[in-house]
């Protein structure tokens, strides 16, 4: 990962190649190193989050839509949203923008589950006879997990950008990292490794 720009912090904006859009777009820095190098960013267009890739690997002027991703998208995020070129003032682009705003306000995400879980069910079966089991669509459960993950990342971003003293920031970061570690059991649900929970040992 190469970064030759000025030092940045959480909340700063940098250009990078978006993993979902397959285009170079403006991103918001979520996590930066002590030297001001962006480590994790969120695309300001589609909302996908990924590790900083170095930017500039593709021309911003490219308007060729990305080729479809190999796995089927969730109903929440259409393939058109994933592969659309830069926005223009058209009804179609306004629709994409509205969908993005609604997803963000509802805590939804463009993250997708692994193919094997799509259409599956999570079954909660009581250990005692005579009690009814509960079935939950895996994609519904997955969306809840992603909402928790997104809120943890937002909390992490707010802590990094706050005026708290270094010791308090470190303590809060430790709690957040501990939460990530406790949630790594759910990593089996995620299709992309970049979207998974990472604990202290990751």
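Residue numbers (the working numbering): 17 to 218.
Note that CB positions come from ideal geometry on N, CA and C, so glycine has one too.
Note that the structure is a prediction, hence the values are computed from the model and not measured.
Asked, Found
"Looking at residue 131 and residue 151, is the spacing between their C-beta atoms short of 8 Å?", "no"
"I want to know whether the stretch 60-72 touches the stretch 35-43 - three or more CB-CB distances under 8 Å.", "yes"
"Does the beta-carbon of residue 74 have 16 or more other beta-carbons within 10 angstroms, so that it is buried, or is it exposed?", "Reliability fails at residue 74, whose pLDDT of 38 lies under 50, so the model's placement of it is uncertain and the value that follows must be treated cautiously. Under this definition residue 74 is an exposed residue."
"Suppose only complete runs of 3+ residues qualify. What are the beta strand (DSSP E) ranges in the stretch 135-187, listed by chain order?", "137-140 and 150-153"
"To the nearest angstrom, how far is the alpha carbon of residue 209 from that of residue 139?", "25 Å"
"At what residue ranges does the stretch 29-77 contain a whole run of the beta strand (DSSP E), taking only runs of 3 or more?", "29-33, 40-48, 54-59 and 65-67"
"Quick check: the stretch 41-50 against the stretch 185-196, are there 3 or more CB pairs under 8 Å?", "no"
"Please go through the same chain and pick out, in chain order, the residues whose beta-carbon is closer than 7 Å to the beta-carbon of residue 51, but skip the five residues on each side of it.", "23"
"Who are the Cβ neighbours of residue 147 in its own chain at under 8 Å, not counting the five residues just before and after it?", "none"
"Hey, how far is the Cα of residue 134 from the Cα of residue 54?", "33 Å"
"So for residue 206, helix, strand or coil by DSSP?", "strand"
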